[in-house]
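Report on the structure given below.
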DNA sequence: CATTTAGTTCATTTTATATTGAACTTATTG
DNA sequence: CAATAAGTTCAATATAAAATGAACTAAATG
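Have a look at this one:
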């Protein structure tokens, strides 16, 4: 602990940071490593060694991150190892996984509202407003993404 | 389990739903109850009884939800109990707590990028792009909220 | 001022989640 | 085709998070 390098310190901080977003700390650490390392190639084993964790944990967390498209795998000719890198392709991913649930959020609120006997009650109206907000989001979020994409293209 | 009412079933589903957003299941259950109940007044004790949970757990979860502004407390003259209701004032709350972290996200990415020796590397540029995306969000999200607010006013 | 009410606090226990590590699979190399 | 390499799987274990429940506080009531 006393002699942590800047990289090690950073890795731990990113781990804690992503934990707040519902990722496992180890997933966050892997992201931290891939984000901050200067190595151009980072293999499975490199991760195991750098993070001093078990193969099982690294395997599970890498596959989770791949599924979320937060990292990418790449191969090198004549080398049987897999390498991993941080992905900025899916810069939306963490936000998406929370916000693209809008449809589901809406449904759970609608179901709640259907349980009300009095459809004219203040409560029913309040919840209806929340549902409308999610309708609004469903419409606006894709626009926001498009806006970002076109900004990126035009520089 | 076999004889759960529609309300009970709904409460459990909302609990599970909010769990995905990083809330404790019990917090989700409370939200589910407040959302779906037809009772106009729901007290601390009502919640303890309906959710069949301990006072300690309900106390902790209510205070968490109050802090997040997901629920509101109200009082009734001549009655020493506190009552709680679902709040739609802070319809943004769950999103906010994730997204208003943009500033912090940006900082952790910037710190990662500072560790790079080669500021011209592809990786450095990729991460810079992520940082730009968060700049973009910091600018756009407040606009989105304003848009919703004005939509609400004009009906 | 003793008693009830409404809720809080916090040490203990329960439950859920993540990690480990050994055994396994699948592919590659000599 | 034996041996190594690169990971995967999964039961056991460790860690972290949440719930319990008993003891407590603070306010109100009789």
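Residue numbers (our numbering), protein chains in the order written: chain A, -15 to 139; chain B, -15 to 139.
Note that CB positions come from ideal geometry on N, CA and C, so glycine has one too.
Owing to the predicted nature of the structure, the values given are computational and were not obtained by experimental measurement.
Give every residue of the same chain whose Cβ lies closer than 8 Å to the Cβ of residue i, excluding the five residues on either side of it in the sequence, and list them in chain order.
i, result
"residue 73(A)", "53 and 56"
"residue -15(B)", "Below a pLDDT of 50, predicted positions are generally treated as unreliable, and residue -15(B), at 48, falls in that range; no measurement from the model is reported."
"residue 115(A)", "90, 93, 94 and 97"
"residue 23(A)", "30"
"residue -12(B)", "-4"
"residue 0(A)", "9 and 12"
Can you grab the Cα-Cα spacing for the pair residue i / residue j, in whole Å?
i, j, result
"residue 119(B)", "residue 125(B)", "10 Å"
"residue 108(B)", "residue 102(B)", "8 Å"
"residue 135(A)", "residue 86(B)", "19 Å"
"residue 204(B)", "residue 36(B)", "Not covered by the structure: residue 204(B). The range shown for chain B is -15 to 139."
"residue 117(B)", "residue 132(A)", "7 Å"
"residue 25(B)", "residue 127(A)", "40 Å"
"residue 122(A)", "residue 63(B)", "42 Å"
"residue 106(A)", "residue 21(B)", "12 Å"
"residue 113(B)", "residue 137(A)", "12 Å"
"residue 104(B)", "residue 59(A)", "23 Å"
"residue 61(A)", "residue 43(A)", "22 Å"
"residue 68(B)", "residue 68(A)", "49 Å"
When the Cα of residue i is compared with those of the options, which residue comes out closest?
i, options, result
"residue -3(A)", "16(B), 32(B), 128(B) and 95(B)", "95(B)"
"residue 27(B)", "-11(B), 66(B) and 33(B)", "66(B)"
"residue 2(A)", "88(B), 104(B), 111(B) and 110(B)", "88(B)"
Considering only residues of the same chain and omitting the five flanking positions on each side of residue i, which have a CB-CB separation below 7 Å?
i, result
"residue 45(B)", "8, 10, 11 and 14"
"residue 39(A)", "32"
"residue 48(A)", "11"
"residue 41(A)", "10"
"residue 111(B)", "93, 96 and 97"
Round the Cβ separation of residue i and residue j to the nearest angstrom and send it over; I've been treating them as touching at under 8 Å.
i, j, result
"residue 129(B)", "residue 76(B)", "6 Å"
"residue 34(A)", "residue 18(A)", "10 Å between Cβ atoms; not a contact."
"residue 99(B)", "residue 50(A)", "Not confirmed; about 24 Å, so no contact."
"residue 139(A)", "residue 6(B)", "Not confirmed; about 36 Å, so no contact."
Excluding five sequence neighbours on each side, which residues of the same chain lie with their C-beta closer than 6 Å to the C-beta of residue i?
i, result
"residue 4(B)", "none"
Can you list, in chain order, the residues of the segment 112 to 125 of chain B whose Cβ is nearer than 7 Å to any Cβ on chain A? 113, 114, 117, 120 and 124
Any residues in the segment -9 to 14 of chain B with a beta carbon nearer than 8 Å to a beta carbon of chain A? Which ones, in chain order? -9, -6, -3, -2, 1, 4, 5 and 6
Near-chain A residues of the segment 52 to 63 of chain B - C-beta to any C-beta below 8 Å: none
Residues of the segment 27 to 55 of chain A with a CB closer than 9 Å to any CB of chain B: list them in chain order, please. For the segment 27 to 55 of chain A, no residue has a beta-carbon sitting nearer than 9 Å to a beta-carbon of chain B.
For the segment 124 to 139 of chain B, which residues have a CB atom closer than 9 Å to at least one CB atom of chain A, in sequence order? 124, 125, 128, 131, 132, 135 and 136
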